[in-house]
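A.B. asks: What follows is a structure written as structure tokens; I'll ask about it next.
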Amino acid sequence: MEDTRVAVVTGSNKGIGLAIVRGLCSEFDGCVYLTARDEGRGMEAVEALQEEGLSVRFHQLDIDDEESIAAFKTHIEDTYGGLDVLVNNAAIAYKAAATEPFGEQAENSIRINFFGTLALCRSLFPLLRPHARVVTMSSFVAFLPRVNGDEPQAFNLREKLSSEELTEEELCDLMNQFVETAKDGTWTEAGWQSSAYSVSKVGVTALTRVQQRAFDDDPREDLIVNCCNPGAVVTDMSSHKGAFTVEQGAECPIYLALLPPDTEEPKGAYVWHDKQVVDWVKGPLPSPY
Ligand SMILES: NC(=O)c1ccc[n+]([C@@H]2O[C@H](COP(=O)([O-])OP(=O)(O)OC[C@H]3O[C@@H](n4cnc5c(N)ncnc54)[C@H](OP(=O)(O)O)[C@@H]3O)[C@@H](O)[C@H]2O)c1
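Below is the structure:
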């Protein structure tokens, strides 16, 4: 068993994830895992970092594949016996011009971005060591008042999503309900917005709050999970439109991954790219994105 601290970043062969790995390689005291669903793309990114003189490890990890998650968990458990930092960065987004039916977009976005992230957390959380830090990539589009409309159904949804009593199971039901209504064409009446990506990011933001409540009751000391809005970042996902470079987009997730022991705040929070804690339910927002 190797006696070292371990950090893992999902979907880190490119974009903000790769910039998070690069930053952690310099700032994290331990070994850093670049992971990718495609081994070829992952190894290419690893070689580029090695050419920069950085020391990084690689493992295949597809958050949409139970076997891949299980194999990764076994690798981390057998090699290190624990995990200190997990950055849930992997996600997909359909382009505005996508022609796939909305039901299909909803199913794939929620399955990968919400249920894939949840499946990885459920698998790896038992390995978290005291003082572990978990960071999940949310977005400015996930700000709760921004996502749903003024109809009573939307109001009810917001109440459920932001309830202090919301459970993981109830949140999963809400995400499944969104997919069902997206398929039968009733998502607007049900109170949901017409962006599957936004709903998936609302899901992981609500999940962060539920997970921190569980961490607060966990016998392991000082477990913290936060989610963050990295800003509008120039990547493939944003079709290379945005205000920030990937290095700027990586600043807040790196800060959250490296929160020192016994931090009081942020905890279970929605954190803006400038590191301000934002009230996810009421705001105000420090900036539009
Ligand atoms: N860019 C922005 O303006 C912005 C704004 C707010 C939030 N975010 C969030 O920031 C994070 C990174 O976004 P980005 O802009 O860097 O996107 P990106 O350039 O499209 O990178 C996404 C990464 O996720 C990986 N991925 C997708 N599905 C996966 C799966 N099933 N398993 C493992 N990896 C998977 C992709 O792998 P492949 O290369 O194999 O596709 C890629 O490495 C995302 O969570 C995104 O929602 C981005």
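To convert, note that position 139 of the sequence shown is 138 in numbering that gives the first Met the number 0; the numbers rise steadily by one, no gaps. We put the beta carbon where it would ideally sit given N, CA and C, even for glycine. Keep in mind it's a predicted model, so treat the numbers as computed, not measured.
Tell me whether Gly-115 counts as near ligand 1, meaning its Cβ is closer than 8 Å to at least one heavy atom of that ligand.
C.D. replies: Yes, the beta carbon of Gly-115 sits closer than 8 Å to at least one heavy atom of ligand 1.
A.B. asks: Counting along the chain, where does the alpha helix (DSSP H) carrying Pro-129 start and finish?
C.D. replies: Here Pro-129 belongs to no alpha helix (DSSP H); instead the beta strand (DSSP E) covers 127 to 136.
A.B. asks: Please classify Ile-253: does DSSP put it in a helix, a strand, or coil?
C.D. replies: Looking at Ile-253 - three-state DSSP - the assignment turns out to be helix.
A.B. asks: Do Asp-273 and Cys-251 have their C-beta atoms closer together than 9 Å?
C.D. replies: It is a contact, given that the beta carbons lie within the stated cut-off.
A.B. asks: According to DSSP, Asn-225 sits in a beta bridge with which residue or residues?
C.D. replies: Note: Asn-225 sits in a beta bridge opposite Val-134.
A.B. asks: Please state whether DSSP places Arg-219 in a helix, a strand or coil.
C.D. replies: Note: Arg-219 maps to coil in three-state DSSP.
A.B. asks: Please report the straight-line C-alpha distance between Tyr-32 and Ile-75, rounded to a whole angstrom.
C.D. replies: Whole-angstrom Cα-Cα distance: 10 Å.
A.B. asks: Residues in its own chain within less than 7 Å of Ala-92 by CB, not counting five upstream and five downstream?
C.D. replies: Cβ neighbours of Ala-92 beyond the five flanking positions: Tyr-196, Met-236.
A.B. asks: At the level of alpha carbons, what is the spacing between Glu-169 and Leu-156?
C.D. replies: Distance between the alpha carbons of Glu-169 and Leu-156: 12 Å.
A.B. asks: Taking the beta carbon of Lys-281 as the centre, do at least 16 other beta carbons fall within 10 Å, making it buried, or is it exposed?
C.D. replies: It counts as exposed.
A.B. asks: Could I get the ranges of all uninterrupted beta strand (DSSP E) runs contained in the segment 46 to 87, with 3 residues as the minimum, in chain order?
C.D. replies: Counting only runs of 3 or more, we get 56 to 59, 82 to 87.
A.B. asks: Near Ser-108, which residues of its chain fall below 8 Å by C-beta distance, leaving aside the five closest residues on each side in sequence?
C.D. replies: Contacts found: Ile-91, Ala-92, Tyr-93, Ala-195, Tyr-196, Val-198, Ser-199.
A.B. asks: Would you list the residues sitting across from Phe-243 in a DSSP beta bridge?
C.D. replies: In DSSP, Phe-243 forms a bridge with Val-232.
A.B. asks: Can you tell me whether Phe-139 sits near ligand 1, meaning its C-beta is under 8 Å from at least one heavy atom of the ligand?
C.D. replies: Flag set: Cβ of Phe-139 near ligand 1.
A.B. asks: Check whether the Cβ atoms of Cys-226 and Val-209 lie closer than 9 Å to each other.
C.D. replies: The answer is no: Cβ separation not under 9 Å.
A.B. asks: Do you know offhand how far Leu-284's Cα is from Val-201's?
C.D. replies: Near 16 Å, if we compare the C-alpha coordinates of Val-201 and Leu-284.
A.B. asks: Using three-state DSSP, classify Tyr-196 as helix, strand or coil.
C.D. replies: Tyr-196 falls in the helix class under three-state DSSP.
A.B. asks: Helix, strand or coil: how does DSSP classify Ala-189 here?
C.D. replies: Reduced to three states, the DSSP call for Ala-189 is coil.
A.B. asks: With Asn-228 and Ser-137 assumed to form a contact (beta carbons below 8 Å), what rounded beta-carbon distance in angstroms separates them?
C.D. replies: Confirmed, Cβ separation roughly 6 Å.
A.B. asks: Does DSSP put Val-178 in a helix, in a strand, or in coil?
C.D. replies: Note: Val-178 maps to helix in three-state DSSP.
A.B. asks: Return the bridge partner residues of Ala-92 from the DSSP annotation.
C.D. replies: In the DSSP output, where bridge partners are listed per residue, Ala-92 has none listed.
A.B. asks: Taking DSSP as the reference, what is the three-state secondary structure of Leu-170?
C.D. replies: Leu-170 falls in the helix class under three-state DSSP.
A.B. asks: Determine the burial state of Arg-40: buried for a count of at least 16 other Cβ atoms within 10 Å of its Cβ, exposed for fewer.
C.D. replies: When all chains shown are included, Arg-40 counts as exposed.
A.B. asks: In whole angstroms, give me the CA-to-CA distance for Gly-241 and Ile-15.
C.D. replies: Their backbone Cα atoms lie some 13 Å apart in a straight line.
A.B. asks: Is Gly-293 a contact residue of ligand 1, with contact defined as CB to any heavy atom under 8 Å?
C.D. replies: In the structure as shown, the chain starts at 0 and stops at 288, and residue 293 therefore has no counterpart that could be examined.
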